[in-house]
Amino acid sequence: MATDDLVLYEKRGAVAWLTLNRPSVLNAVNLAMRDELWVLFQAVRDDPDVHVAVITGAGRAFCAGADISEFGTAPSLVESRRARRERDLWQLMLDIDKPLVAAMHGYALGAGLEMSLLCDFRLAAEDTVLGLPEVRLGYIPSAGGTQLLPRTVRGSLAREMIMTGQPIDAERAHQAGLLTKVVAAPDLANEAEALATALAERPPSALRAAKRALRSAFEMPLAQGLAVESALAARLASAG
Ligand code: COA
Numbered sequence: 000m001a002t003d004d005l006v007l008y009e010k011r012g013a014v015a016w017l018t019l020n021r022p023s024v025l026n027a028v029n030l031a032m033r034d035e036l037w038v039l040f041q042a043v044r045d046d047p048d049v050h051v052a053v054i055t056g057a058g059r060a061f062c063a064g065a066d067i068s069e070f071g072t073a074p075s076l077v078e079s080r081r082a083r084r085e086r087d088l089w090q091l092m093l094d095i096d097k098p099l100v101a102a103m104h105g106y107a108l109g110a111g112l113e114m115s116l117l118c119d120f121r122l123a124a125e126d127t128v129l130g131l132p133e134v135r136l137g138y139i140p141s142a143g144g145t146q147l148l149p150r151t152v153r154g155s156l157a158r159e160m161i162m163t164g165q166p167i168d169a170e171r172a173h174q175a176g177l178l179t180k181v182v183a184a185p186d187l188a189n190e191a192e193a194l195a196t197a198l199a200e201r202p203p204s205a206l207r208a209a210k211r212a213l214r215s216a217f218e219m220p221l222a223q224g225l226a227v228e229s230a231l232a233a234r235l236a237s238a239g
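Sequential numbering from 0 applies to the sequence shown in numbering that gives the first Met the number 0.
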């Protein structure tokens with residue numbers, strides 16, 4: 000792990016810790032950081048010794064969103080679309096069938112909040128400001144935010160956040176079901192560790208099946224989702 004890495008990667012037991020590491024710009028996600036995340040989340044997916052991953056931020060924020068200074072600097076629209084197709088980080092995160100935990104503090108804006116929506120658990124320090132400001136800049140969220148936020152909180156709040164760009168505080172986010180838990184800022188790392196460790200003790204095959212079944216609930220009609228649940232349950236029962 001080199002200190003100039005844009006994302007620090009550390010394995011502690013069966014838990015992989017990914018720490019966004021551009022603290023001077025509040026961990027804004029630039030293309031280089033995205034490429035590092037692409038490699039590291041593949042490691043999370045493929046390493047059989049990793050059962051759970053936690054993503055967190057160095058410095059005073061989790062992540063202030065995409066790096067604004069890179070906006071409009073991509074070589075060409077065609078090039079940037081091709082790069083995105085070839086390295087679809089957000090889909091990669093969604094497809095990982097191990098629990099992902101986001102541990103947020105300070106700011107979770109734009110792609111920062113969206114990354115957390117691609118996780119299964121969202122812990123936040125009570126000082127966290129959460130929002131999707133893209134519309135204010137003439138864009139819309141494009142790391143899954145317009146699809147995942149309404150699947151996570153009620154539609155009226157998703158509309159408010161996406162269409163006004165106005166952020167909300169951690170307490171409101173928790174009340175709306177956006178957060179798993181709000182914790183005192185100094186406790187964030189310990190709380191994340193406790194959750195991740197507890198998850199890492201569950202049988203990975205059961206967690207894998209649970210994630211697949213939960214995903215079906217959002218993607219399939221009920222009858223089809225129930226069939227997926229039955230098949231997954233039967234497979235676990237026959238293996239056990
Ligand atoms: N992209 C690039 N740089 C960013 C950034 C982003 N998304 N967010 C913050 N930074 C940089 C700032 O430019 C500043 O750099 P500087 O010290 O070289 O001037 C540094 O991070 C600290 O930010 P600063 O604005 O001074 O901190 P603050 O506490 O006063 O405000 C925010 C924090 C998050 C409210 C403010 O930085 C902000 O609005 N950032 C943009 C958020 C955004 O729109 N993200 C979504 C992009 S789609």
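For every residue, glycine included, the Cβ atom is placed at its ideal position computed from N, Cα and C. What you are looking at is a predicted structure, and each value in this text was computed from that prediction instead of being measured.
- DSSP places residue 210 inside the alpha helix (DSSP H), whose first and last residues are 203-218.
- In this structure, DSSP gives residue 199 a helical state, which the three-state scheme calls helix.
- The residues 10, 13, 14, 15, 42, 43 and 97, in chain order, have a CB closer than 8 angstroms to that of residue 49 in the same chain once the five nearest residues on each side in sequence are set aside.
- The beta carbons of residue 125 and residue 51 sit no closer together than 8 angstroms.
- Around the beta carbon of residue 66, a 10 Å sphere encloses 16 or more other beta carbons of the protein chains shown; the residue is thus reported as buried.
- The DSSP-derived three-state label of residue 179 is coil.
- Contact between the stretch 186-201 and the stretch 91-109 is present: 3 or more CB-CB pairs across the two stretches fall below 8 angstroms.
- The C-beta of residue 139 has fewer than 16 other C-beta atoms within 10 Å across all chains shown, which makes the residue exposed.
- When only Cα atoms are considered, residue 4 and residue 221 end up about 44 angstroms apart.
- When the alpha-carbon of residue 47 is set against those of 17, 108, 95 and 33, the nearest one is in 95.
- Between residue 111 and residue 133, the gap from beta carbon to beta carbon reaches 8 angstroms or more.
- Of the heavy atoms belonging to the ligand COA, none sits nearer than 7 angstroms to the Cβ of residue 113.
- Taking the C-beta atoms as reference points, residue 19 is found nearer than 8 angstroms to residue 62.
- The alpha carbon of residue 24 has as its nearest neighbour, out of 39, 58 and 33, the alpha carbon of 58.
- For the stretch 48-120, the continuous alpha helix (DSSP H) assignments of 4+ residues that do not extend past its boundaries occur at 76-85, 88-94 and 110-116, in sequence order.
- DSSP, reduced to helix, strand and coil, places residue 125 outside both helices and strands of the structure shown, so it counts as coil.
- For residue 27, the shortest separation between its Cβ and any heavy atom of the ligand COA lies below 7 angstroms.
- Bounds of the alpha helix (DSSP H) holding residue 43 are 30-45.
- No residue range can be given for residue 148, since it is assigned to no beta strand (DSSP E) and is classified by DSSP as neither H nor E.
- Rounded to the nearest whole angstrom, the C-alpha separation of residue 56 and residue 226 is 39 angstroms.
- The beta carbon of residue 230 lies closer than 8 angstroms to none in the same chain, with the five residues before and after it left out.
- Rounded to whole angstroms, the gap between the alpha carbons of residue 88 and residue 36 is 7 angstroms.
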